[in-house]
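Note sheet for the following structure.
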Amino acid sequence: MTGVYNEKVMDHFINPRNLGSLKNADGKGEVGNPVCGDMMNLYIKVDKNGTGGETISEIKFETLGCGAAIATSSIVTEMAKGKTLEEAEKISDLDVARELGGLPPQKLHCSNLAASALKKAIRDYRVKK
Ligand code: FES
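The opening residue of the sequence shown carries number 3 in our numbering; numbering runs sequentially from there.
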């Protein structure tokens, strides 16, 4: 594995941020990667901010997958936390890969999981609301 991933990817893989689930999550996104069968669940808590917008106040993930899937899940939680729903749903798989300093080409598809799970969790929140 060493040599395939850069240091930042390895750091998020070995020390994933915001790992776990959220009881009473306001939204949940569950996705499977059709390329490899890996799975991710992402949970969000949404709060109203002072200006009437809605902000992601808490976010957690559970991922069963490869190193890149875990690293992209971890970093997407850091990218989305504190953002408004509108800002968070604009985060793309390319943004995720870029934030990690790049992924090997054969691992680029792994970043789809994180970005789609986030979008799905936001959609789930809006449907439930
Ligand atoms: Fe499945 Fe990376 S190989 S998400």
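For glycine and all other residues, C-beta sits at the position ideal for the given N, C-alpha and C. On a predicted model such as this, the values are computed, not experimentally measured, just so you know.
- With a cutoff of 8 angstroms, A71 counts as near the ligand FES, since its C-beta is closer than that to a heavy atom of the ligand.
- Secondary-structure assignment with DSSP links G29 through a beta bridge to I46.
- K83 has its Cβ no nearer than 8 angstroms to any heavy atom of the ligand FES.
- Ranked by Cα distance from A99, the options K130, A70 and G54 are led by A70.
- Taking the CA atoms as reference points, E64 sits about 22 angstroms from Q108.
- Partner residues in the beta bridge of T57, as assigned by DSSP, are D49 and T86.
- Not one heavy atom of the ligand FES is found less than 8 angstroms from the C-beta of H14.
- Of C38, D97, M41 and G31, the smallest CA-CA separation from I61 is found for G31.
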